[in-house]
Amino acid sequence: MSKPFLTLYCLIIYAFLLAPIAVVVIASFNSGAFLTFPPQGFSFRWYVVFFNNEVFMRAIRTSLWIAAVTMVISGIIGTMAAMFHVQYAGRLKEAVRVAMLAPLLLPEVLTAIALLFFVYSVGIGTQTMFGMIVGHVLITLPFVFINVSASMESYDPSWSMAAQSLGAGRFTRFRRIMLPLIKPGVIGGCLFAFIISFDIFTISFMLKGVGMSTLPIQLFDYLRTNFTPEAAAVSTCSIVLTMAVVIISEKVLGLRIHRF
Amino acid sequence: MNAAPAGKGLGPLLLIAPAAVLIGLFLVLPYLNIVVMSFRMPGQGTPYAPGFTFGNYGKFFADSFYILQVVNTLWIGFLTTFLCLVLGYPVAWQLARGNSAFRAVGYGLVLSPLLVGIVIRSYGWTILLGNNGIINRTLSNWGIIDAPLPLMYNALGIVIALVHVFLPFMILPIMSAIQGIDPSLESAARSLGASKVTSFRRITLPLSLPGIQAGCILVFVLSLSAYVTPSLIGGLRVKTMAVTVVDALIDTFQWPFGSALALMLSITGAVVVVAFGRLTVMKWKV
């Protein structure tokens with residue numbers, strides 16, 4: 089392929105990738121009930137409808153709450169596992185990595201089914217958020233693990249040894265030497281866990297109890313029967329929220345999030 | 266890292282303990298439990314009854330509906346994977362070899378859809394493809410069509426949306442594979458008289474094969490197990506296996522049968538993936 093042709097081709101693919109997202113955002117500001125090209129006029133009416141819809145507002149609160157809890161649990165467990173992986177795993181290093189990435193490699197729908205049966209078999213059920221949060225932690229754990237491991241690869245164990253020889257205990261060594269150095273990886277991993285958790289659908293869908301819909305579930309249920317652009321307003325707010333987290337982490341905190 | 270710092274004994278194991286418990290107890294055990302569940306007796310009013318049976322698998326093989334659905338799901342998976350490969354390869358090449366300003370922006374554009382939830386991206390496609398969607402409304406406003414084109418509620422719509430959703434998962438592994446190829450190999454081939462096409466066919470393509478394999482397997486597995494996109498785009502008319510499985514579990518509580526369906530789909534998918542791995546290795550070794 090010649091150069092200009094290849095560039096044009098790539099631009100078309102990028103447009104294809106962004107089209108459905110752009111369309112959702114445009115539809116949310118469209119005054120009519122159906123989006124046509126060109127749009128019928130600019131209006132905030134669907135946002136007003138959305139902000140007055142207690143069902144969606146409650147779903148957003150539930151989602152934020154679950155994402156925050158998931159982020160904390162996943163952040164702690166994932167960071168500990170990454171420390172073990174990089175510093176102590178030895179010959180088991182590859183095995184630990186594969187096990188930690190397993191939730192990412194297995195189909196989410198199977199994991200959701202497996203967890204659903206399991207929480208019922210052991211008598212926990214879905215009356216509480218337990219099953220859903222376990223699922224979210226499982227799915228987000230690999231992202232914390234990847235980010236923290238990446239930032240830890242450049243950590244020199246002799247720094248810990250130096251601190252130890254100066255009399256620092258195990259916890260002091262972690263808090264004063266290692267944590268400040270791996271902080272970008274930890275924060276990046278945690279933010280990513282938050283974003284992923286906020287968007288998880290299948291796990292939440294299978295493990296939700298009565299009256300604890302997250303935003304993606306509520307949106308999905310709504311879309312099965314309705315087609316008004318209120319859903320577009322909800323989606324746009326969700327996109328803006330995610331983008332804000334990414335931009336804050338990249339521009340303000342100067343983090344580079346490792347996805348793979 | 267060989268030089269492990271002080272802290273021998275049980276200390277380090279405590280670091281991995283929570284993750285090990287989490288994955289062992291809530292991932293490995295539940296997966297094994299699916300296999301057990303698929304042999305349980307179907308229940309009346311309860312998800313399952315005591316006792317074991319092969320009946321759930323019998324029900325699968327006795328009804329051509331389910332077998333056809335597996336075939337249909339595999340077909341959608343093949344088509345999605347093939348289209349992702351064909352559409353994604355040039356982009357991956359451009360991201361790996363193009364000029365750097367374009368590359369950074371392109372990389373961001375490929376990654377950013379992954380940050381938007383799957384429900385929202387599928388919803389975007391319903392706005393585009395629906396009978397009252399942008400494409401159909403605009404075309405009929407312009408007087409080009411009389412009746413809406415059937416873009417949604419069929420396999421075509423599902424494949425279009427799945428290609429969109431999984432394209433980044435094809436582009437990224439191929440991109441890193443091409444980045445790993447020494448550009449001087451291509452220059453060497455050209456200086457020895459190979460045409461651009463020959464150099465691509467004999468050097469770049471075979472060397473990027475690991476990336477192609479990884480991307481294809483990833484996209485294929487993700488397409489087979491996708492739930493949200495086929496469910497929203499296919500509606501009630503076209504169902505993939507994953508949608509049938511989830512509905513069997515959520516709506517009708519047929520847990521043993523749902524497990525058998527899920528396992529049959531997983532086994533078929535695994536067989537295809539292994540066969541694909543074997544085939545591509547053999548083909549390129551010759």
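In order, the protein sequence lines correspond to chains A and B. Each number in this note's numbering corresponds to the 1-based position in the first sequence with 88 added. Each number in this note's numbering corresponds to the 1-based position in the second sequence with 265 added. Glycine residues also receive a C-beta, built at the ideal position from the N, C-alpha and C atoms. Please read all numbers here as calculations on a predicted model, not as lab measurements.
According to the DSSP secondary-structure assignment, B:PRO307 is paired through a beta bridge with B:TYR313. For B:SER490, the neighbours in chain A by C-beta distance under 8 Å run, in chain order, PRO195, GLU196, VAL197 and LEU198.
For A:ASN118, the three-state secondary structure derived from DSSP is strand.
A:PHE206 reaches chain B at PHE291, LEU294, PRO295 and ASN298, counting residues in chain order whose Cβ is nearer than 8 Å.
The beta-carbon of A:CYS325 is placed no less than 8 Å from the nearest beta-carbon of chain B. Residue environment for A:GLU182: exposed (fewer than 16 other C-beta atoms within 10 angstroms of its C-beta). At least 8 Å separates the CB of A:ILE335 from every CB of chain B. By the Cβ test, the segment 237 to 253 of chain A is not in contact with the segment 282 to 292 of chain A, since fewer than three Cβ pairs between them sit closer than 8 Å. DSSP places B:PHE434 in the helix class (H, G or I) of the three-state scheme. Counting along the chain, the unbroken alpha helix (DSSP H) around A:GLN306 starts and ends at 303 to 313. Taking the CA atoms as reference points, B:SER490 sits about 19 Å from B:GLY542.
Under the DSSP assignment, A:SER253 falls in the alpha helix (DSSP H) whose first and last residues are 245 to 253.
Residue environment analysis places B:ARG305 among the buried positions, since at least 16 neighbouring C-beta atoms fall within 10 angstroms of its C-beta. Among the CB atoms of chain A, none fall inside 8 Å of the CB of B:VAL484. When the beta-carbon positions are compared, B:LEU344 and B:VAL424 come within less than 8 Å of each other.
Only ILE283, PHE286, ASP287, PHE289, THR290 and PHE293 from the segment 278 to 293 of chain A bring a Cβ to less than 8 Å from some Cβ of chain B. Non-local beta-carbon contacts of B:ALA527 in its own chain, meaning distances under 7 Å to residues more than five positions away in sequence, involve ILE299 and VAL510 in chain order. Contact annotation: A:ILE201 and A:MET294 have beta-carbon atoms nearer than 8 Å. A direct Cα-to-Cα measurement between B:LEU514 and B:TYR322 gives close to 16 Å.
Three or more Cβ pairs closer than 8 Å define a contact, and the segment 399 to 416 of chain B falls short of that threshold against the segment 439 to 458 of chain B. For A:PHE93, DSSP records no beta bridge to any residue.
Contact between A:VAL111 and B:LEU393 holds: their C-beta atoms lie close to 6 Å from each other, under 8 Å.
Close to A:THR228, with beta-carbon spacing below 8 Å, lies no residue of chain B; the smallest spacing is near 11 Å. Between A:MET168 and chain B, the shortest Cβ-Cβ separation is below 8 Å.
Near chain A, meaning a CB-to-CB distance below 8 Å, the residues of the segment 513 to 546 of chain B are LEU514, ILE515, TRP520, GLY523, SER524, ALA527 and SER531. Scanning A:SER116, A:HIS224 and A:TRP153 for the CA closest to the CA of A:VAL136 turns up A:SER116.
Here A:GLY255 is exposed. Its C-beta has fewer than 16 other C-beta atoms within 10 Å. Per DSSP, the beta bridge partners of A:PHE130 are A:ASN118. For the options A:GLY273, A:TYR243, A:ARG185 and A:LEU152, the alpha carbon positioned closest to that of A:ILE221 is the one of A:LEU152. In the structure shown, the three-state DSSP call for B:VAL375 is helix. Burial of A:PRO195 is indicated by the presence of at least 16 other C-beta atoms within 10 angstroms of its C-beta. If you ignore the 5 residues before and after B:ALA361, its C-beta comes within less than 6 Å of the C-beta of MET440, ILE443 and GLN444, all in its own chain and listed in chain order.
Taking 4 residues as the shortest admissible run, the segment 128 to 167 of chain A contains the following complete alpha helix (DSSP H) segments, listed from N- to C-terminal end: 133 to 139.
A direct Cα-to-Cα measurement between B:ILE482 and A:MET331 gives close to 29 Å.
Under the DSSP assignment, B:LEU352 falls in the alpha helix (DSSP H) whose first and last residues are 329 to 362. Assigned with DSSP and collapsed to three states, A:GLU318 falls in helix.
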